[in-house]
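Trainee:
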């Protein structure tokens, strides 16, 4: 209880410097709006699954869009994977600034419940989200990028800086864990 | 039952559409007589179905979207709302007389289609951003088709393509060149496809074509006096499969 209070009471906000904006070439802003802005939901969803904290995800994404906007000239196609790379870097900065690892599973789940218990209680998207969030890293990230964002293996490898073989084995582990949690529940349901 | 130890990764790659065609053929043959590998593939697909059907992706809060749009806007001040793009094939003076004589055949439809493609992509993005994807939300084509009666002065064919992997989501009224057009909305896994239908313009080329623009795929065809434009962020192969499926199902 005491730990939760400390965690929720301390919420540093990222500081944005808007004093000296880099000039943006004419037409770039419109292109950015057309090509990058549509991936806002993807950026937020990815940040949310990385940080497992809604307020932090907002800060991370806002920071990421500011950086992405200024560095847009360096984007050579594949805007989605490029934007998610920026989001990932902002997330890593966020964990460093906070000088702590993102909240672990125990602090996130209510009343110390095991994710499987939550699953039995709730049937909706929240249950599946909680299950995904309960996956440890780096398996969670690989699964989110593949199943939710539908990135190809090579983009996930480039984004996370891991070889493709590693991406594949992380995915396999993540899916095996998910299968246990999601499908086991279904078997119980049909047996009852 | 578990997969053969040396095929575990290949089964996963097949489920992810990442296996090259040679290996995919070999593995599909193997799946016929290996219950272990077949069960593994079925389990992978079951997990994905459970995951995707729950729609676990988060949507960015409106306040965040507003802050980001505001952040982009001030730095972009003083720019024209729509950048004028250079048309590279239009600049060369060297092709002079030939270009002039070909212009009527090729350049004129191209010129209109450049601006039109911008409009189509803008329409597609708008439909996704404003949470105004459909005016009539139903997977029943017998509801969608009559809905357009009296709203547009033509009858767009509506096909159900769920068995082909493109479930119908609904229909919407949209505008192209200031005229109301029918927009049919289909889904491909997590992606939306907008299919714009309007009476074919007088100068429309009858040739079906697929193009890429700003990360979106567009494909068009003309049939029965109507012009069809499908727009999506799925890859062009999937979009062409959609075109084929739609034309087959609707008899166009």
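Residue numbers (this note's numbering), protein chains in the order written: chain G, 2 to 193; chain Y, 7 to 258.
For every residue, glycine included, the Cβ atom is placed at its ideal position computed from N, Cα and C.
Please name the residues in the stretch 31-56 of chain G whose beta-carbon is closer than 7 Å to at least one beta-carbon of chain Y, in chain order.
Mentor: Answer set for the stretch 31-56 of chain G: 31, 33, 34, 35, 36, 39, 41, 42, 45, 46 and 49.
Trainee: Interface residues of chain G around residue 64 of chain Y at Cβ under 7 Å?
Mentor: Annotation: Cβ neighbours of residue 64 of chain Y in chain G (cutoff 7 Å, chain order): 45, 46 and 49.
Trainee: Using 8 Å as the cut-off, can you tell me whether the stretch 52-71 of chain G makes contact with the stretch 156-170 of chain G, which would need three or more C-beta pairs spanning the two stretches below that distance?
Mentor: no
Trainee: Once the 5 residues before and after residue 186 of chain Y are set aside, which same chain residues still bring their CB inside 6 Å of it?
Mentor: 158 and 179
Trainee: For residue 205 of chain G, go through chain Y and note every residue whose CB falls closer than 8 Å to its CB, in chain order.
Mentor: Shown here, chain G extends from 2 to 193; a query on residue 205 of chain G therefore has no answer.
Trainee: For residue 40 of chain G, collect the residues of the same chain with a Cβ closer than 6 Å to its Cβ; drop the 5 residues on either side in sequence, then sort them by chain order.
Mentor: 81 and 84
Trainee: Between the stretch 30-49 of chain G and the stretch 60-80 of chain Y, do three or more beta carbon pairs fall short of 8 Å?
Mentor: yes
Trainee: Helix, strand or coil: which one does DSSP assign to residue 126 of chain G?
Mentor: helix
Trainee: So, helix, strand or coil for residue 180 of chain Y, using DSSP?
Mentor: strand
Trainee: Using beta-carbon positions only, say whether residue 154 of chain G and residue 27 of chain Y come within less than 9 Å of one another.
Mentor: no
Trainee: Using the beta-carbon of each residue, which ones in chain G are nearer than 7 Å to residue 188 of chain Y?
Mentor: None at all; the shortest Cβ gap to chain G is about 23 Å.
Trainee: With a CB to CB cut of under 7 Å and the five nearest residues on each side skipped, what residues in its chain are close to residue 244 of chain Y?
Mentor: Excluding sequence neighbours, residue 244 of chain Y sits near 194.
Trainee: When DSSP builds the beta bridges, which residues end up paired with residue 158 of chain Y?
Mentor: Y:155
Trainee: Quick check on residue 233 of chain Y: does DSSP put it in helix, strand or coil?
Mentor: strand
Trainee: Report the rounded CA-to-CA distance for residue 162 of chain Y versus residue 189 of chain Y, giving the unit in angstroms.
Mentor: 9 Å
Trainee: Does chain G have any CB closer than 9 Å to the CB of residue 125 of chain Y?
Mentor: Answer no: the Cβ-Cβ gap between residue 125 of chain Y and chain G never drops below 9 Å.
Trainee: By the three-class DSSP mapping on this structure, what secondary structure does residue 258 of chain Y have?
Mentor: coil
Trainee: What would DSSP say about residue 79 of chain G, mapped onto helix, strand or coil?
Mentor: coil
Trainee: Grab me the residues of residue 231 of chain Y's own chain with a C-beta within less than 6 Å of its C-beta, minus the 5 sequence neighbours each way, in chain order.
Mentor: Around residue 231 of chain Y: 206.
Trainee: From residue 160 of chain Y to residue 258 of chain Y, what distance separates their C-alpha atoms?
Mentor: 15 Å
Trainee: Nearest chain Y C-beta to residue 176 of chain G closer than 9 Å, yes or no?
Mentor: yes
Trainee: Going by DSSP, what residue range makes up the alpha helix (DSSP H) through residue 19 of chain Y?
Mentor: 14-21
Trainee: Run through chain Y and tell me which residues come within less than 7 Å of residue 153 of chain G, C-beta to C-beta.
Mentor: By Cβ distance, chain Y contributes 24.
Trainee: Is the closest heavy atom of the ligand PLP to the C-beta of residue 147 of chain G under 8 Å?
Mentor: In the structure on display, the ligand PLP does not appear, and there are no ligands present to speak of.
Trainee: Look at the Cβ atom of residue 201 of chain Y, then the Cβ atom of residue 237 of chain Y, and state whether they are nearer than 9 Å.
Mentor: yes
Trainee: What distance in whole Å lies between the Cβ atoms of residue 50 of chain G and residue 133 of chain G, which are believed to be in contact at a cut-off of 8 Å?
Mentor: 7 Å
Trainee: In chain order, what residues of the stretch 40-73 of chain Y put their CB closer than 9 Å to some CB of chain G?
Mentor: 49, 50, 52, 53, 54, 56, 57, 58, 59, 60, 61, 62, 63, 64, 65, 66, 67, 69, 70, 71 and 73
Trainee: At least one CB of chain G closer than 9 Å to the CB of residue 78 of chain Y: is that the case?
Mentor: yes
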